[in-house]
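Chains as they are written, first to last, in the working numbering: chain F, 536 to 701; chain C, 536 to 701; chain V, 36 to 116; chain H, 36 to 116.
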Amino acid sequence: MPSTPRETTADGRYRVTSKPLDSTVITRLVSAPGCGAVVTFTGLVRDANAGRRVLWLDYEAYEPLALKAFEQIGDEAAGRWAAVRLAIHHRTGRVAIGEASVILAAASAHRADAFAASRFAIERIKQIAPIWKHEHFEGGEVWIEGATADPLDIAAREAAFERACS
Amino acid sequence: MPSTPRETTADGRYRVTSKPLDSTVITRLVSAPGCGAVVTFTGLVRDANAGRRVLWLDYEAYEPLALKAFEQIGDEAAGRWAAVRLAIHHRTGRVAIGEASVILAAASAHRADAFAASRFAIERIKQIAPIWKHEHFEGGEVWIEGATADPLDIAAREAAFERACS
Amino acid sequence: MLVKVRLFARLREIAGASELARSVPAGATARVLWDQLAVDFPALEDYGNVVSCAVNDDYARLTATLNEGDEVAFLPPVSGG
Amino acid sequence: MLVKVRLFARLREIAGASELARSVPAGATARVLWDQLAVDFPALEDYGNVVSCAVNDDYARLTATLNEGDEVAFLPPVSGG
Numbered sequence: 536m537p538s539t540p541r542e543t544t545a546d547g548r549y550r551v552t553s554k555p556l557d558s559t560v561i562t563r564l565v566s567a568p569g570c571g572a573v574v575t576f577t578g579l580v581r582d583a584n585a586g587r588r589v590l591w592l593d594y595e596a597y598e599p600l601a602l603k604a605f606e607q608i609g610d611e612a613a614g615r616w617a618a619v620r621l622a623i624h625h626r627t628g629r630v631a632i633g634e635a636s637v638i639l640a641a642a643s644a645h646r647a648d649a650f651a652a653s654r655f656a657i658e659r660i661k662q663i664a665p666i667w668k669h670e671h672f673e674g675g676e677v678w679i680e681g682a683t684a685d686p687l688d689i690a691a692r693e694a695a696f697e698r699a700c701s
Numbered sequence: 536m537p538s539t540p541r542e543t544t545a546d547g548r549y550r551v552t553s554k555p556l557d558s559t560v561i562t563r564l565v566s567a568p569g570c571g572a573v574v575t576f577t578g579l580v581r582d583a584n585a586g587r588r589v590l591w592l593d594y595e596a597y598e599p600l601a602l603k604a605f606e607q608i609g610d611e612a613a614g615r616w617a618a619v620r621l622a623i624h625h626r627t628g629r630v631a632i633g634e635a636s637v638i639l640a641a642a643s644a645h646r647a648d649a650f651a652a653s654r655f656a657i658e659r660i661k662q663i664a665p666i667w668k669h670e671h672f673e674g675g676e677v678w679i680e681g682a683t684a685d686p687l688d689i690a691a692r693e694a695a696f697e698r699a700c701s
Numbered sequence: 036m037l038v039k040v041r042l043f044a045r046l047r048e049i050a051g052a053s054e055l056a057r058s059v060p061a062g063a064t065a066r067v068l069w070d071q072l073a074v075d076f077p078a079l080e081d082y083g084n085v086v087s088c089a090v091n092d093d094y095a096r097l098t099a100t101l102n103e104g105d106e107v108a109f110l111p112p113v114s115g116g
Numbered sequence: 036m037l038v039k040v041r042l043f044a045r046l047r048e049i050a051g052a053s054e055l056a057r058s059v060p061a062g063a064t065a066r067v068l069w070d071q072l073a074v075d076f077p078a079l080e081d082y083g084n085v086v087s088c089a090v091n092d093d094y095a096r097l098t099a100t101l102n103e104g105d106e107v108a109f110l111p112p113v114s115g116g
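Following this line, the structure appears as structure tokens:
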């Protein structure tokens with residue numbers, strides 16, 4: 536599958552794409568012979584949010600910076616759990632209810648690290664990845680605004696490690 | 536795909552099979568419109584264990600009881616995390632290095648519960664599922680023996696909840 | 036009375052069979068049946084403290100009383116996943 | 036000196052453009068550029084305390100000094116995942 540340099544890193548592990556995400560592909564990107572556990576997280580678009588009936592989401596991304604954010608998250612995870620390998624693919628454009636907006640996979644020799652790293656990664660994506668959700672609901676639309684993206688905010692990073700129960 | 540009644544529960548969520556496992560199928564079994572997060576755990580056969588060079592594993596299962604164990608684990612998870620839906624598929628027979636021996640998926644409205652339930656489920660499988668691993672390594676073979684299966688052991692169940700950081 | 040025995044993994048290998056027919060006294064428990072097997076296959080004795088069992092495809096205690104025709108499975112420590 | 040501005044999500048909608056060219060004094064910081072944009076598009080003011088920025092596709096502080104030709108992106112609070 537050809538893709539522009541802006542959409543993916545060289546090894547394919549980090550990707551921002553308008554095409555549907557494939558968990559099998561993403562899982563394969565992190566698997567290796569010594570690896571006994573892969574944990575995959577899939578974020579799906581829900582039909583309801585904050586009492587609103589959601590129709591679909593439009594995701595906008597600042598692609599080159601999003602890829603750098605994903606690489607940073609992978610490096611942070613590998614710094615904490617030496618043998619962990621991450622892959623993160625995020626969707627852009629219109630995403631229908633029930634479709635995956637993000638799929639990430641963490642592989643490791645042992646399951647505890649794979650669970651911790653994948654949990655950390657999704658928290659961290661929500662903190663720093665330059666990606667925005669435009670929610671279209673019955674009766675209107677709204678940009679969802681979460682965290683101020685600050686990749687150097689140590690307290691935020693530590694909070695993400697905390698969530699990972701590591 | 537036809538299968539004998541002993542291989543799977545009626546809704547397909549719990550399965551013991553000699554065929555390769557498919558994470559896409561398993562993920563689909565738990566997904567629903569209100570569900571925002573699916574966490575999938577894949578256990579892969581490693582090429583090394585306890586200093587031995589592993590050639591392959593043979594898994595033996597007591598199928599009807601294994602399916603009941605999986606159902607119990609699903610019920611325990613749903614009792615703790617109301618909206619969580621689990622699926623567990625376990626391989627039997629010869630499984631090559633790098634292949635999946637078990638894949639489980641937990642779906643929930645929110646990611647914290649999906650992570651906790653999937654982490655709980657794999658711990659619990661290792662505690663109570665009547666399945667045995669016959670390791671073939673360079674120079675010999677050995678049955679791996681872990682926990683005495685006791686589904687009523689409350690302390691073991693609580694330890695599994697503990698691991699889930701719930 | 037007659038019962039059917041099912042054995043798995045290493046227990047199956049020790050006995051050389053995955054299924055056996057056995058006769059036990061009326062009112063015998065699963066433990067009585069196990070002890071009887073351990074006489075025939077002494078290597079089973081190693082598993083006396085760690086074995087668990089199921090009767091008619093449901094987990095059971097070794098103290099469970101057996102009935103005519105029951106299928107009794109003995110399980111060595113498990114290692115799924 | 037000339038710099039290029041990139042805006043995303045709600046900021047893009049407020050300005051009605053995803054890219055703008057702007058002239059700022061030599062030595063200006065990203066914050067100076069932002070304040071200048073907020074004069075043109077007052078609705079941006081709501082974002083003054085929560086906006087973050089990137090210069091030439093790398094995260095940067097609003098205190099970063101800009102150079103001729105820099106591409107400066109302003110990011111509202113993110114909501115990926």
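Glycine included, every Cβ here is placed at the ideal spot set by N, Cα and C.
Item to complete: Taking K39 of chain H as the reference, give the member of H:Y94, H:S58, H:T98 and H:D75 with the closest Cα.
Response: Checking every option, the nearest Cα to that of K39 of chain H belongs to H:S58.
Practice prompt. Compare the C-beta of Y597 of chain C with all C-beta atoms of chain V and state if any pair is closer than 8 Å.
Written response: Closer than 8 Å: yes.
Worksheet item: Between the region 640 to 671 of chain C and chain V, which residues of the former have a C-beta closer than 8 Å to a C-beta of the latter?
Response: If the cut-off is 8 Å between Cβ atoms, the region 640 to 671 of chain C has I657, I660, K661, Q662, I663, A664, P665, I666, W667, K668 and H669 near chain V.
Discussion item. Rounded to the nearest angstrom, what separates M536 of chain F and D546 of chain F at their Cα positions?
Written reply: Confidence is the limiting factor: at M536 of chain F the pLDDT is only 44, short of 50, which leaves the residue's position unreliable, though a coordinate-based value still follows. The C-alpha of M536 of chain F lies about 13 Å from the C-alpha of D546 of chain F.
Practice prompt. Apply the 10 Å Cβ neighbour rule to V74 of chain V and answer buried if 16 or more other Cβ atoms are within range, or exposed otherwise.
Written response: V74 of chain V should be labelled exposed.
Worksheet item: Secondary structure at M536 of chain F, three-state DSSP: helix, strand or coil?
Response: The predicted position of M536 of chain F is uncertain, since its pLDDT is 44 and thus under 50; a value taken from the coordinates is nonetheless stated next. M536 of chain F falls in the coil class under three-state DSSP.
Worksheet item: What residues from chain F crowd round E574 of chain C, counting only those whose CB sits closer than 9 Å?
Response: Residue identity check: residue 574 of chain C is Val in the sequence provided, not Glu. Chain-order list of chain F residues neighbouring V574 of chain C: V574, T575, F576, T577, F650, S653 and R654, by C-beta distance under 9 Å.
Fill in: Contact the region 598 to 616 of chain C vs the region 586 to 604 of chain F: 3+ CB pairs below 8 Å
Verdict: no, contact absent.
Worksheet item: Any idea what DSSP makes of D93 of chain V, helix, strand or coil?
Response: DSSP places D93 of chain V in strand when its eight states are reduced to three.
Discussion item. For chain V, check one thing: does any of its Cβ atoms lie closer than 8 Å to the Cβ of L621 of chain C?
Written reply: When Cβ-Cβ separations below 8 Å define contact, L621 of chain C makes no contact with chain V.
Item to complete: Whole angstroms is fine: what's the gap from N102 of chain H's alpha carbon to Q71 of chain H's?
Response: N102 of chain H and Q71 of chain H have their C-alpha atoms spaced approximately 16 Å apart.
Discussion item. To the nearest angstrom, how far is the alpha carbon of T543 of chain C from that of A95 of chain V?
Written reply: Those two C-alpha atoms are separated by around 22 Å.
Worksheet item: Using the C-alpha atoms, what's the distance from P665 of chain F back to K661 of chain C?
Response: Here the C-alpha atom of K661 of chain C lies approximately 40 Å from the C-alpha atom of P665 of chain F.
Discussion item. For a quick check, are the C-beta atoms of F696 of chain C and R620 of chain C less than 8 Å apart?
Written reply: Cβ atoms of F696 of chain C and R620 of chain C: not closer than 8 Å.
Item to complete: Kindly indicate which three-state DSSP category V560 of chain C falls into: helix, strand or coil?
Response: Helix.
Fill in: Contacts around R45 of chain H, its chain only, beta-carbon distance under 7 Å, and the 5 residues preceding and following it disregarded
Contacts found: P111.
Item to complete: Return helix, strand or coil for K668 of chain F, following the three-state DSSP convention.
Response: Here DSSP, grouped into helix, strand and coil, assigns K668 of chain F to strand.
Fill in: CB contact check: S58 of chain H to chain F, cutoff 8 Å
Not closer than 8 Å to any Cβ of chain F, the Cβ of S58 of chain H fails to qualify, so no.
Worksheet item: Which residues in chain C sit within 7 Å of A695 of chain F, going by Cβ to Cβ distance?
Response: Neighbours of A695 of chain F in chain C, taken as residues at a C-beta separation under 7 Å, are lacking, since the least C-beta distance is about 13 Å.
Worksheet entry | When F:G633, F:A656 and F:T552 are compared against D610 of chain F, the one with the closest alpha-carbon | Looking at the Cα atoms, F:A656 is the closest of the given residues.
Worksheet item: Does D685 of chain F get closer than 8 Å to chain H when you measure Cβ to Cβ?
Response: Taking Cβ atoms only, chain H reaches closer than 8 Å to D685 of chain F, which makes this a yes.
Practice prompt. Specify, as a first and last residue, the run of the alpha helix (DSSP H) that F696 of chain C falls within.
Written response: In the DSSP assignment, F696 of chain C falls within the alpha helix (DSSP H) that extends over I689 to R698.
Fill in: Check: A652 of chain C C-beta below 7 Å from any heavy atom of the ligand ADP
Inclusion of the ligand ADP in the displayed structure is not the case, the ligand content being empty and no account of it being possible.
Item to complete: Measure how close the beta-carbons of D702 of chain C and A618 of chain C come, nearest whole angstrom, since I'm counting them as under 8 Å.
Response: Chain C is shown only over 536 to 701; residue 702 of chain C falls outside these bounds and no answer can be derived.
Item to complete: Tell me, please, which residues DSSP counts as bridged to K756 of chain F.
Response: The displayed coordinates of chain F run from 536 to 701. Any statement about residue 756 of chain F would go beyond what the structure contains.
Worksheet item: If you draw a straight line from the C-alpha of I623 of chain C to the C-alpha of E106 of chain H, how long is it?
Response: So the two alpha carbons sit approximately 50 Å from each other.
Practice prompt. Report buried or exposed for S653 of chain F, applying the criterion of at least 16 other Cβ atoms within 10 angstroms of its Cβ.
Written response: When all chains shown are included, S653 of chain F counts as buried.
Worksheet item: Per DSSP, E673 of chain F forms a beta bridge with which residues?
Response: BP columns for E673 of chain F are empty, so no partner.
Item to complete: Starting from the C-beta of G62 of chain H, find all residues in its chain whose C-beta is less than 7 Å away, skip the five residues before and the five after it, and write them out in chain order.
Response: T100, listed in sequence order.
Discussion item. Beta-carbon within less than 8 Å of R698 of chain C's beta-carbon, same chain only, minus the 5 sequence neighbours each way: which residues are those?
Written reply: So the qualifying residues of the chain are R654, F655 and E658.
Fill in: Element boundaries [beta strand (DSSP E), containing G578 of chain F]
Per DSSP, the continuous beta strand (DSSP E) segment holding G578 of chain F begins and ends at A572 to L579.
Worksheet item: Should A78 of chain V go down as buried or exposed, given a rule of 16 or more other Cβ atoms within 10 Å for buried?
Response: Exposed is the call here.
Fill in: Rounded separation between A612 of chain C and A108 of chain H - CA only
Roughly 45 Å separates the two Cα atoms.
Item to complete: For V85 of chain V, collect the residues of the same chain with a Cβ closer than 8 Å to its Cβ; drop the 5 residues on either side in sequence, then sort them by chain order.
Response: Excluding five sequence positions before and after V85 of chain V, the CB atoms of its chain that fall closer than 8 Å to its own CB belong to P111 and P112, given in chain order.
Discussion item. By alpha-carbon positions, which one of C:R550, C:A631 and C:F650 ends up nearest to V574 of chain F?
Written reply: Checking every option, the nearest Cα to that of V574 of chain F belongs to C:F650.
Worksheet entry | Own chain partners of R692 of chain C with C-beta closer than 6 Å, once the 5 adjacent residues on each side are dropped | Within the same chain, R692 of chain C has no close Cβ partners at all.
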